[in-house]
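Protein sequence lines correspond, in order, to chains E and W. Residues are numbered in the numbering used here as their position in the first sequence, beginning at 1, plus a constant of 564. Residues are numbered in the numbering used here as their position in the second sequence, beginning at 1, plus a constant of 2. We treat Cβ as the ideally placed atom computed from N, Cα and C, and that holds for glycine.
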Amino acid sequence: MNGMTPIVKKVTQLIVGLIFLYGIYIITHGHLTPGGFAGGAVVAGSFVLLVLAYGSNILKLKKREEGSSVVESLGILLFTVLAFAAIFIGTKVFFANYLPKGVIGELISAGVIPLYNIAVGIEVAAALFTIFLALVIYKEEVLK
Amino acid sequence: MEIVLSIVIVFMILGAIYALYAKDLLSALISCGIVGYGLVICFLLLQAPDLAIVQIVVETITLVIMVAVVLNSTREELKEKAVVNIDGVSYVHQRYIVNVILVVVFALFLLYFFKESIFTLDHFGEHVTRMSTAYIEKAAEQTGSANLVTGILFDFRGYDTLGEATILFTAVIGILTILRAKGKK
């Protein structure tokens, strides 16, 4: 896949970091603003924008691209590990909120919910980007 | 607000109908985009910014992927004739008759039960879900989360969120399996 015109490349260069940071902001403030799913989709969108604007050579793609797939599996593994840890800590219930709750509205509050948000954000971002990369690799390698 | 909502929904319906009858697959896809972005405006008008952000981002990414797929295809829908020929005899008319009879019978059947059920429900706007009232009253104290939607999703309904994440995981595995089966040859 080739890149686009210099105008698109320059605008992408200016804007892609802001989009990525906005996604990270939504994920980490998941218990105050929209949660991990939306933030993960925004982060994946920034990577997709980068690949579309600069062409697929920027990522040095191989035929078997495994990095994003591994990150996605690690995200869902982190989610289940957090959920299972609740069985061994505190009230011994699956999915229990075992960390102290803190003050409502603070950044560090709500117990485990921010950690769940980060896990789901990683998982969604990596999953959407893996789907996109699989299509790009299919086009590059197979349809050539 | 309801008038604006109705106008947006009418646009969404028109876009969906156009997507069915468009000759070009790309224009069908863009009219599908009308449905998605109209839904964003509906969510904003109904005061659900969480869903609006998720919808606008996911809609954009899926639209980009679908446009990339369609631009590599022939951009035309495959036409299949609905004619059944057995021994040179056309059975089209028999099929039409059977279809019309089936549609009428099922419509009457469903209308009867709709009439029965509509009188036992509460009036419009009076919800019967007592669980949601309890959530709204106590979710902030019990979960410690300022955003009630996230509090409910990750605490009270953790199983739902786990299933949702697993669905995405399974979808990715399926896509990788399909696309790499050819790539390995």
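- Please classify Glu78 (chain W): does DSSP put it in a helix, a strand, or coil? strand
- Item | Same chain, Cβ closer than 8 Å to Val12 (chain W), five either side skipped, listed in chain order | none
- Query: Do Val174 (chain W) and Ala602 (chain E) have their C-beta atoms closer together than 8 Å?
  - Reply: no
- How would you list, in chain order, the residues of chain W whose beta-carbon sits under 9 Å from the beta-carbon of Leu578 (chain E)? Those do not exist, as Leu578 (chain E) stays about 19 Å from chain W at its closest Cβ, beyond 9 Å.
- Item | Which listed residue (E:Ile653, E:Gly639, E:Ile579 and E:Gly631) has its alpha carbon closest to that of Ser610 (chain E) | E:Ile579
- Message: Cβ closer than 7 Å: which chain W residues qualify as neighbours of Phe601 (chain E)?
- Response: Val56
- Item | Ile579 (chain E), enclosing alpha helix (DSSP H) - first and last residue | Pro570 to Thr592
- Close beta carbons around Ile36 (chain W), own chain, < 6 Å, minus the five adjacent residues each side: Gly17
- Message: Considering only the alpha carbon of each residue, which of E:Tyr589, E:Thr576 and E:Gly581 lies closest to Asn681 (chain E)?
- Response: E:Tyr589
- Beta-carbon gap between Gly567 (chain E) and Lys573 (chain E) smaller than 8 Å: yes
- Message: Taking 8 Å as the threshold (beta carbon to beta carbon), is Asp157 (chain W) in contact with chain E?
- Response: yes
- Task: Spell out the partners DSSP gives Asp26 (chain W) in its beta bridges.
- Result: W:Glu78
- Answer with yes or no whether the minimum CB distance from Phe45 (chain W) to chain E is below 8 Å. no
- Message: Taking 8 Å as the threshold (beta carbon to beta carbon), is Ile695 (chain E) in contact with chain W?
- Response: yes
- Query: Cα-Cα, which of W:Val69, W:Leu7, W:Thr76 and W:Leu155 is closest to Gly40 (chain W)?
  - Reply: W:Leu7
- Alpha carbon to alpha carbon, how far is Ala167 (chain W) from Thr179 (chain W)? Give it in angstroms, no decimals. 19 Å
- Task: List the residues of chain W whose Cβ lies closer than 7 Å to the Cβ of Leu692 (chain E), in chain order.
- Result: Ile63
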